[in-house]
Amino acid sequence: MKIIIAIKRVIDYQVDIQVKADGAGVVRDGVPTAMNPFDEVALEEAIRLKESGIASHILAVCVGSSACQKVLNLALAMGADEGLLLQADDDTEPLIVAKAMAKLADQRQADLLLFGKQAIDDGANQTGQMTAALMHCGQAVFVSHLVVDKANRRVIATRDTDFGTETLQLSMPAVVTTALRLNEPRFVSLPQMIKAKKKTTTVIPLTSLGIDDTQKRLQVLRLRQPKARQPVVMLDSVEQLAEVITRVTK
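Counting in this note's numbering, the sequence shown runs from 14 upward without gaps.
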């Protein structure tokens, strides 16, 4: 069974993000980056499927600039068999990425495509769903538990909804987007990072897949820094709360 996992390079979640003065975007120069945490969960699940003998090959795909090689190296160190960098803008929009993933799924005859449910930078939550639509296949999003029935070529996915827990059965090929609850990604050691350098990483232009990445449908008009929150005051008793209310309402 072949798995393709989409990963994205994002600003590290521990960084205090700053908006550019003109509001055109966020400051990226010199800012630490990392693999999108949701994608890391998806990758971990793919690796566990291979370790259990269900999956035979894992292809990690990243769309962006040459700087994305960093997250591909991490994916290989975690356990992916092969890396593929599709060179394009780092802010390539979800529909274009989805077209690339659908094309690769067809070329590689993939059985399962895994995505993090969203990226922590734009929070789009669109790429997996768009990929499934382009492939005309089943999808399960925000998945917190996954079972793959290889013999019957089906996926059984459980997800949490506003109305309770929902379990879906999908025929392969299928698209699954993962929630953080699905698993805990493994720690990658330095020897594993060094060993990963022996694995294959291919770099090709996104346009080589026959995809036009120049006709963008999304445009960021303006970003604004959130207003600073007022400090929180911790009170020890109801009496103190009453005093504060009295003072504020005067």
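Heads up, the beta-carbon is just placed ideally off N, CA and C, and yes, glycines get one too.
Nearest to residue i (by Cα), restricted to the options the options
| i | options | result |
| --- | --- | --- |
| residue 74 | 251, 58, 214 and 249 | 214 |
| residue 22 | 177, 133 and 178 | 133 |
| residue 93 | 131, 155 and 20 | 20 |
| residue 223 | 112, 102, 89 and 106 | 112 |
| residue 217 | 238, 258, 203 and 79 | 79 |
| residue 183 | 156, 116 and 204 | 156 |
| residue 150 | 177, 240, 119 and 192 | 119 |
| residue 153 | 165, 164 and 139 | 139 |
| residue 123 | 81, 104, 59 and 177 | 59 |
| residue 178 | 166, 158 and 164 | 158 |
| residue 108 | 41, 244, 42 and 228 | 228 |
| residue 135 | 204, 164 and 103 | 103 |
| residue 66 | 48, 42, 43 and 164 | 164 |
Contacting residues, own chain, Cβ-Cβ under 6 Å from residue i (five flanking each side not counted)
| i | result |
| --- | --- |
| residue 265 | Because the chain spans 14 through 263 in this model, residue 265 falls outside it and cannot be assessed. |
| residue 235 | 36 |
| residue 238 | 32 |
| residue 70 | 15 and 94 |
| residue 81 | 22, 75 and 98 |
| residue 141 | 128, 188 and 190 |
| residue 212 | 89 |
Test item: CB-CB of residue i and residue j under 8 Å
| i | j | result |
| --- | --- | --- |
| residue 76 | residue 110 | yes |
| residue 68 | residue 16 | yes |
| residue 180 | residue 171 | yes |
| residue 226 | residue 101 | yes |
| residue 72 | residue 95 | yes |
| residue 219 | residue 117 | no |
| residue 34 | residue 201 | no |
| residue 106 | residue 230 | yes |
| residue 257 | residue 248 | yes |
Beta-carbon contacts of residue i that lie in its chain and below 8 Å, excluding the five residues immediately before and after
| i | result |
| --- | --- |
| residue 233 | 37 and 38 |
| residue 241 | none |
| residue 206 | 86, 87 and 90 |
| residue 192 | 51, 54, 130, 155, 156, 157, 172 and 173 |
Cutoff 7 Å; reference residue i; Cβ partners in own chain excluding five residues on either side
| i | result |
| --- | --- |
| residue 162 | 169 |
| residue 45 | 25 and 28 |
| residue 121 | 15, 17 and 72 |
| residue 115 | 144, 147 and 148 |
| residue 131 | 51, 137 and 138 |
| residue 166 | 184 and 185 |
Residue i at chain C interface by Cβ criterion, 8 Å
| i | result |
| --- | --- |
| residue 129 | Reference to chain C is not applicable here, since this structure consists of a single protein chain. |
Counterpart residues of residue i in DSSP-defined beta bridges
| i | result |
| --- | --- |
| residue 184 | 167 |
| residue 216 | 98 |
| residue 152 | 188 |
| residue 36 | In the DSSP output, where bridge partners are listed per residue, residue 36 has none listed. |
| residue 48 | 22 |
| residue 179 | 172 |
| residue 200 | Paired residue(s): none; residue 200 is not in a bridge. |
| residue 63 | According to DSSP, residue 63 bridges with nothing at all. |
| residue 159 | 170 |
| residue 141 | In DSSP, residue 141 forms no bridge with anything. |
| residue 75 | 20 and 98 |
| residue 15 | 70 |
With three or more C-beta pairs closer than 8 Å as the rule, is the stretch 183-199 touching the stretch 73-89? no
Given 8 Å as the limit, is there contact between the stretch 116-130 and the stretch 45-59, that is, 3 or more CB pairs closer than that? yes
Counting pairs of Cβ atoms below 8 Å between the stretch 180-194 and the stretch 133-148, do you hit three or more? yes
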